[in-house]
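A.B. asks:
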Amino acid sequence: MGEFEPKILAFCCQFCAYSAADLAGSMRLQYPPNVRIVRLLCTGKVDPLHLLKAFQEGWDGVFVAGCLEGECYFLQGNLHARQWVNYTKKLLKEIGIEPERLEMFNMSAAMGTKFADTVREMTERIKKLGPSPLRAVKDSQEMVKK
Amino acid sequence: MTMSDNKIGAVLVVGGGIAGMQSALDLANGGFKVYLVEESPAIGGRMAQLDKTFPTNDCAMCTISPRLVEVDKHPNIEIITCSQLQALEGTPGNFTAKILQQPRYIYLDKCNACGDCEAVCPVRLPNPFDEELGQITAIHKHYPQAIPNKYVISKEGLSPCRIGCPAGVNPHAYVSLLAQKKYPEALEVIRRILPFAAICGRLCHHPCETECNRKDVDESVSIRYLKRFIADKVREKGESLPTPVSITKKEKIAIVGAGPAGLTCALRLREKGYAVTVFEASDKAGGMFTSCIPDYRVPKEIADYEINRIIATGIELKINTRIGKDITLEQLRKDYNSVFVSIGYQDPAKIPLEGSETKGVIYGVPFLRDVKLSRKPDGFGEKVVVIGGGNVAIDCAKSALRLGAKEVSLVCLETRDLEHQDRMPAHEWEIEEAEEEGIKINGCLGPKKVVVKDGKVSGLETTCCTAVYDFSTGTKKFAPKFSCETGPTLEADTLIIATGQRADTTGFDELEKTTFRTIKTDSITLETSMKGVFAGGDIVRGPASVIEAVAHGNEAAISIERYLTGQDLKTGRGEKKEGVPLPERKIEKKPRVAIPKEAPEERRKSFIEVEKLLDEETAVAEAARCLSCALCCECLQCVTACQPKAINHEMKATLREIPVGAVILTTGGDMFDAHLKGEYGFGRYPNVVTSIQYERILSASGPFAGSILRPSDKQHPHKIAWIQCVGSRDHSIGNDYCSSVCCMYATKQAIITKEHESDIDVSVFYNDLRSFGKGYEYYTNSARQHGVMYKKALISNIKEIPDTKRLKTTYLDEVTNTPREEEFDLIVLSVGFVASPETRELCKRLNIGLDTYGFNPAEAGRITNNELRPPGETSREGVYAAGVFTGPMDIPESVMGASGASALAGELLASARNTLITQKTYPPERDVSKEAPRIGVFICRCGTNIARVVDVQTLVDFTKRLPDVVYAEENLYTCSTDTQQHIIQMIKEHKLNRVIVSSCTPRTHEPLFQEMLCEAGLNKYLFEMANIRDQCSWVHMDLPLEATEKAKDLVKMAVNRARYLEPLKEQTFTVIPNALVVGGGLSGIISSLSLAKQGFMTYLVEKSDRLGGNIWNITETINGQNPQEYLKKLLSEAENEPLLKVYKNAQLVEINGSIGNYKSKIEYNGKIEEIEHGVVIVAIGGVEAKPTSYLYGQNPNVITQLELEPQITQITPIKSVKSVAMIQCVECRDEKHPYCSRICCTQAIKNALRIKKINPQTNVYILYRDIMTYGMWETYYRQARELGVIFIRYEIEKKPRINTNEHGNLTVTVFDGLIQNEISIPADLLVLSMPVRPQPDAQTLATTLKVPLNTEGFFLEAHLKLRPLDFVNEGMFLAGLAHFPKHINESIVQAKGAAARAATILSKKQMTISGIIAQVDPDECIACLTCVRGCPFNVPKILKNQKMKDGVITDSGVAFIEPSLCHGCGVCVSACPRKAINLAHYKDSQIMAKCEIYK
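Residue numbers (this note's numbering), protein chains in the order written: chain D, 1 to 146; chain R, 147 to 1641.
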């Protein structure tokens, strides 16, 4: 069996983090291929429901990336997102999932490097933690279906 | 609206910076067609270069980027890049603009910015966008986020090396390619012109190197050697022989002579499909290469290699065939359609020399032929004398040595002194090599007689030659003169005569000859006296070089083809071109590479090659010395790489005429050239950078990727200093003005530096800290808290410490008045603005006046002295101005000015509004609500950008199996017009009701594809994108498997979401084209009048009984204009304006509705009137603060500046005043009021100047903290000092104190830092400069309108930088003192600008609201207020709603979100505990579907 390759889901706001991810592309920065991005207008839309759903679906790690604090295009959406992330971390802890699997980041649209670094950081972090316990559940469900 | 007055509803905006973009958007949104002309390849201007903006530290790119896209996508803005306005003809309202567009070399409609071209471009140039700190390729995007998102080629004429080559080979290109180790590509470039890269790489006399500009820096690039390196590298690796070219033309060509000219000509014609036969008299093709050039110069196998490659293309070679003997020219002309004669010049010239028939006397060329065949001539001796001073003679001497001669010397008429006009014709390096090998050169000797002994040569008698050439006729004529002296007799057993060759034209008698017995041809076409017969090479030119022969071969081929196809032979040929000069940038010296050679003693022993091969790294380093003088090298690699065929290197400049009604100039300015302040060492010391360079250093997309590094060693600096006022406030260089922005940008850079690395020690050396703008004082205070040290001192000079590259500064600390020295790792020069020479030229062409500094077209264009006119006008009616072009200013001022200029254009062209705009219409939308999802997925290869990494075919197969996907395909470029048409076809054919494009980023391409959906009759919200390029193939280039897996996931996620997508209806509503303006001061009147003139009904509400506000108190402006006259004019206009209704003694009491659709109640004279309007402008002004200190109100001689104003006009009392003291910053810039009131310094100086004008004897003292005369106001500060106004600086800790004696006489006491002591000033009059405060009723109005105030109580705009006139609440705008303290001209600009902003709404009949809005389900809502509290924009309200609950009707509250106010962030949605709110297009179901990819 090869090395564990985590699957990580990222919720990114269109104005900053998603743009930073695009800039990383224009700059041809190379980073691990473990992350899939869901684009949101604003991270203010992030809901504990979505975060929990992602873990339920078997993602090993999840992060939310919004504008720098104080620079949200929608004034405060990113601050709300941080609250929800912190709240969800508590829920995760309660149900026995490492809260480190979830994280909030802030970056501006000019920070292509920061985006690449974030992906690297999260990938490393989740690799150390190993597969999410819910992934095994999902795996067995899929097995049953088949 | 009619066109009866012939006005054109289009505006030309010149300059695509932030101001130009704002004008363009205002006008285009206000119903005008806009042409946005930009000189550079992309819009964005200076702001795009910035890292962050002050005072909010917002990322500049984040804020400007959406606006760039908005301009780009606007249907009524046409961006015209690389262009200049050349001329403007016609009359206001009806101009013709002539636009000169420089070639971009890229077809904008074809380029899709995939970047394939950039990847192959070998040229590296200093990146102007990074202020030359980083590098770019010659083909590049102006900056990564550039709009238009298209490539451009930087190209400037031809490199001198290319001009220097007689054949026009392109060394710039192949050297650049070598530097990138692209050897086959480099060789291909050479072979386009020269089929003998390896040979010429060894023996060419390289005139390219003579022309190389680098020689003026250190030494020319070793071009010739690098060519050899390329050829050898490719040959080493092995390449297959060319396959014969098929014959496609019926004509046949005969070529006589298989030397370099003949072979080149043959090859070129063969490549074109002609049948070619080469007749060669000897038994081998190659001419001199194969017969005479010794192996130590060009080894046999090298020559054979290149010759064989030519023959292999399918050339018929007939050896041992001599014309005139084996076949006649006449026969050739019969058998072939054209003939090229290149028979060379190989017959040795005989000289009249006694004894030259003796055994042992041989001739040079035949000797070399023997040597080449490894034959030693009979009786070849050990002591050889060569006669001749040319290259053949040298070759003979060297060959003689290698054949075993013990002693070889050379005798020639010319001198060894290579500087002399009679110098030896051989190349310098040939002579030097010969001498190294021990050959003795005897110059200035003529052969007199062969000494014969025993019938054999035994020596040579010589005579002394005194002169070789006769220059008296102006030409160089061979006419040797000898002295009577006898020269030495040289011992020799072999004598080689190598005194030149001659032409042998036997067999070509019919062709006309020259006096030199060469064949006479036309110098350009090479046609001989006989039609269809061409000649070239040495037989035409005389003995010359290989490269010149090749040049003839190429030219002859062109002529022959033209001749055969009946074209004119001469058209477009023979044009003399100039090489471009040495680039102006700083060039580091780097010595030329030393070419490795065999040691002379080794060389003498055999014919092994003299020059050895360099190692790769050295060769690459040598190639990197190329300066790329012409920028693009025209290697044409990009043309090959570009799949959409978007590149054309032959583009030319074009002139275009555009009819427009008005012109707005927003050309910006340049940054001061820091080289001009030599004492700071910019350009000499690498660690002295300009502030713009520092912006790029800070920028995450800059040259150091956002790390703060010193340029000299790329190490982190520990100590950084900023020097303010570099090029500003500097009389010595003629820039008397203040640049307005430097204090704050330095503060910003210092703060950001501290945020990056808090342990960096940061100092700002300043003159006055000009924190005069909104939020600036707070900002500088926060900088101090960050640890930024402000030092009031100007650095007198900087010296670099050589070993550490640190910088030692000396300065006078002005607070303690002591000299100091301090060292820094990095110094940033805060350079100011200067007018650009291009703009000055433009204004000259357009006949627009500027002030002496090149700014301020409004002032310079003033017709009468006292007339106050709106800034933004110019001396030419119909031409308006904004931004830094009008004077140094910050971004918000530029934006306001731009809107102000838009208003002026809008007023002029009101009758032509909405006449030239296009509104797109789409086919009716298909109702898909009853259909099950039918998803079509279009997967882009993006040329190879995606396909190189992601396995697109696999991805398509995978996609086809996904649920609800009924169609999937791959496209080369999904965004191309034809692909889009195809997709529309597929949508119809397969009845698709959801469309996914899997390609690049939705940020740039979603609008494009959504429009495509509209054209296909689908709702645009049924579209989804998967970003498999920017976020996949580009970032996982070496991981194709993983990238393909990721792409699968991304497509699957998109499909999952698409299944849940719903069509959204974008609500439209009718706009009420009326405006409400609150506040009847100067700003309010101007906004109202502008809107009325633009044709909109305007209601102006003034709380007092007269219009005019503060302006009634101002009797004169600092530049001598009379505001009272201006006010009178405005009031009379207001009186007579039918579309303006003024309410005096009135108040806005209630407002309801939203953008475009308000209902308000105005209370006036005890009545309430209800009005309907589409917009609101807040212009309620401000008030001068009433002093509570300094005995104000207690002593009648203590007054405020505003109270002083009318007193000055009463001249007599002022005349009697002996001493006036003014105190600045009273009750301002302190803890309680932490803002600078911006205008008081200028006001104080104005009043001081007026007093001095009335009575120069009056002493005027101004006690200040920092003089805030920003921009051109600075010139009055200077004037005041010159007129003797005394300025005394005080620190906030040591405020001035006042005393009165028993007579009430005032004395002001202040601590003066310069003398480090207290001084007392008797003051007959004490004038307090009081700040502007918000109107007392500002809060009430803010509450009514639900708009925010800042902490000082001024109205707060939507964005400090880019939306200075807008409120966050859509449809509401602000202007004048209500926004912040400002000068009259600034209020006028803002008021006009607010009108332009308002017009963008009022000019629309209908408005549309985005479909992405939050909606409350009233059945679920329990009015818990969570959304009300959470919404950042205060949109949700609780409405009364009758609700059926458990069968009972209750009258409960329910949350309501007004669609036109919702921004769509979704905060309320995630906050709602009952999940009663949905954000359309981002519903929970749609987001959660995206999470489901795991299997």
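We treat Cβ as the ideally placed atom computed from N, Cα and C, and that holds for glycine.
1) Taking the alpha helix (DSSP H) that ALA765 of chain R falls in, what are its first and last residues?
2) At the level of alpha carbons, what is the spacing between GLY1024 of chain R and ASP1036 of chain R?
3) Helix, strand or coil: which one does DSSP assign to PHE628 of chain R?
4) Bridge partners for VAL1247 of chain R per DSSP, in chain order?
5) Would LEU1625 of chain R and PHE1579 of chain R qualify as a contact pair, given that the criterion is a beta-carbon distance under 8 angstroms?
6) May I have the straight-line CA-CA distance separating GLY1046 of chain R from ALA1542 of chain R, to the nearest angstrom?
7) If you draw a straight line from the C-alpha of LEU1237 of chain R to the C-alpha of ASN1265 of chain R, how long is it?
8) So which residues on chain R does PHE63 of chain D lean against when the C-beta distance must stay under 9 angstroms?
9) Restricting to Cα atoms, I'd like to know which of R:THR1453, R:GLY1029, R:VAL1141 and R:TYR924 is closest to ASP1376 of chain R.
10) What does PHE15 of chain D touch in chain R if you count any residue whose Cβ is under 8 angstroms from its own?
11) Using the Cα positions of ASP684 of chain R and TYR491 of chain R, report the straight-line distance between them to the nearest angstrom.
12) For the putative contact between SER386 of chain R and ILE741 of chain R, defined by C-beta atoms under 8 angstroms, what is the C-beta separation to the nearest angstrom?
13) For ASP1195 of chain R, which three-state DSSP category applies?
14) Spell out whether any CB of chain R is found under 8 angstroms from the CB atom of PRO33 of chain D.
15) Quick one: complete beta strand (DSSP E) runs, 3+ long, within the region 832-916 of chain R?
16) Exposed or buried, what is VAL1613 of chain R when buried is set at 16 or more other beta-carbons lying within 10 Å of its beta-carbon?
17) Return helix, strand or coil for ILE457 of chain R, following the three-state DSSP convention.
18) For the region 451-462 of chain R against the region 486-505 of chain R, are there 3 or more C-beta pairs whose distance is under 8 angstroms?
19) Would you say GLN1347 of chain R and GLN1389 of chain R are within 8 angstroms of each other, going by their C-beta atoms?
20) Please compile the residues from chain R whose C-beta is within a distance smaller than 9 angstroms of the C-beta of MET111 of chain D.
21) Let me check understanding here. Comparing Cα to Cα, which of R:ILE670, R:ALA638 and R:ALA681 lies closest to GLU658 of chain R?
22) List the residues of chain D whose Cβ lies closer than 9 angstroms to the Cβ of LEU1196 of chain R, in chain order.
23) Under the assumption that VAL887 of chain R contacts ALA820 of chain R (Cβ atoms under 8 angstroms), give the Cβ distance between them as a whole number of angstroms.
24) Is MET122 of chain D close to chain R? Criterion is C-beta to C-beta, closer than 8 angstroms.
25) Going by DSSP, what residues sit across from GLN1462 of chain R in a beta bridge?
26) Here's the rule: buried if 16 or more other CB atoms are within 10 angstroms of the residue's CB, otherwise exposed. What is VAL692 of chain R?
27) Quick check: what's the CA-CA separation for LEU1495 of chain R versus GLU1532 of chain R?
28) Looking only at C-alpha atoms, which of R:VAL1321, R:PRO1480, R:ALA546 and R:GLU1309 sits nearest to PHE1501 of chain R?
29) Which residues in chain D sit within 8 angstroms of MET1199 of chain R, going by Cβ to Cβ distance?
30) When the Cα atoms are used, what is the spatial distance from LYS1378 of chain R to GLU71 of chain D?
31) What residues are listed by DSSP as bridge partners for ASP959 of chain R?
32) What separation, rounded to the nearest whole angstrom, lies between the Cα atoms of LEU760 of chain R and LYS418 of chain R?
33) Suppose contacts are defined by Cβ-Cβ distances below 8 angstroms. Is ILE810 of chain R in contact with VAL157 of chain R by that definition?
34) Would you give the residue range spanned by the beta strand (DSSP E) that GLY1593 of chain R belongs to?
35) How big is the Cα-Cα spacing for ASN1445 of chain R and LYS951 of chain R?
36) Hey, does SER132 of chain D have any beta-carbon neighbour from chain R nearer than 8 angstroms?
C.D. replies: Quick answer:
1) Run containing ALA765 of chain R: 762-769, per the alpha helix (DSSP H) assignment.
2) If I take the Cα positions, the gap works out to 25 angstroms.
3) Secondary structure of PHE628 of chain R (DSSP, three-state): strand.
4) In the DSSP output, where bridge partners are listed per residue, VAL1247 of chain R has R:VAL1224 and R:TYR1289.
5) The Cβ atoms of LEU1625 of chain R and PHE1579 of chain R lie no closer than 8 angstroms to each other.
6) C-alpha of GLY1046 of chain R to C-alpha of ALA1542 of chain R: approximately 7 angstroms in a straight line.
7) Rounded to the nearest angstrom, the two C-alpha atoms are 28 angstroms apart.
8) Within 9 angstroms Cβ-Cβ: nothing; PHE63 of chain D doesn't reach chain R, min ~13 angstroms.
9) With respect to the C-alpha of ASP1376 of chain R, the residue from R:THR1453, R:GLY1029, R:VAL1141 and R:TYR924 having the closest C-alpha is R:TYR924.
10) One finds CYS208 and PRO212 in chain R with Cβ atoms closer than 8 angstroms to the Cβ of PHE15 of chain D, taken in chain order.
11) Taking the straight line joining both Cα atoms gives about 6 angstroms.
12) Not a contact, Cβ separation roughly 30 angstroms.
13) If DSSP states are grouped into helix, strand and coil, ASP1195 of chain R belongs with the helices.
14) Taking Cβ atoms only, chain R reaches closer than 8 angstroms to PRO33 of chain D, which makes this a yes.
15) The region 832-916 of chain R contains these whole beta strand (DSSP E) runs: 834-836, 865-872 and 907-912.
16) Buried, since its Cβ has 16 or more Cβ neighbours within 10 Å.
17) Three-state result, ILE457 of chain R: helix.
18) As far as the Cβ criterion goes, the region 451-462 of chain R does not touch the region 486-505 of chain R, which means the pair count is below three.
19) Going by C-beta atoms, GLN1347 of chain R is nearer than 8 angstroms to GLN1389 of chain R.
20) Those are CYS205, ALA846, SER847 and GLY852, listed as they occur along chain R.
21) Among R:ILE670, R:ALA638 and R:ALA681, the Cα nearest to that of GLU658 of chain R belongs to R:ALA681.
22) Residues of chain D passing the Cβ test: ARG36 and ILE37.
23) Approximately 16 angstroms separates the beta-carbon atoms of VAL887 of chain R and ALA820 of chain R; this is outside 8 angstroms, ruling out the contact.
24) When Cβ-Cβ separations below 8 angstroms define contact, MET122 of chain D makes no contact with chain R.
25) DSSP output for GLN1462 of chain R lists no bridge partner at all.
26) Per the 10 Å Cβ criterion, buried.
27) Cα atoms of LEU1495 of chain R and GLU1532 of chain R: separation of roughly 20 angstroms, rounded to the nearest angstrom.
28) If we check each option's Cα against that of PHE1501 of chain R, R:PRO1480 comes out closest.
29) Simply ARG36 and VAL38.
30) If you draw a straight line from the Cα of LYS1378 of chain R to the Cα of GLU71 of chain D, it is about 27 angstroms long.
31) ASP959 of chain R is bridged to R:THR964.
32) Their Cα atoms are separated by approximately 36 angstroms.
33) Less than 8 angstroms separates the beta-carbon of ILE810 of chain R from that of VAL157 of chain R.
34) In this chain, GLY1593 of chain R is not harboured by any beta strand (DSSP E), its DSSP state being neither H nor E.
35) ASN1445 of chain R and LYS951 of chain R: Cα-Cα distance of roughly 55 angstroms.
36) No, because no Cβ of chain R sits closer than 8 angstroms to the Cβ of SER132 of chain D.
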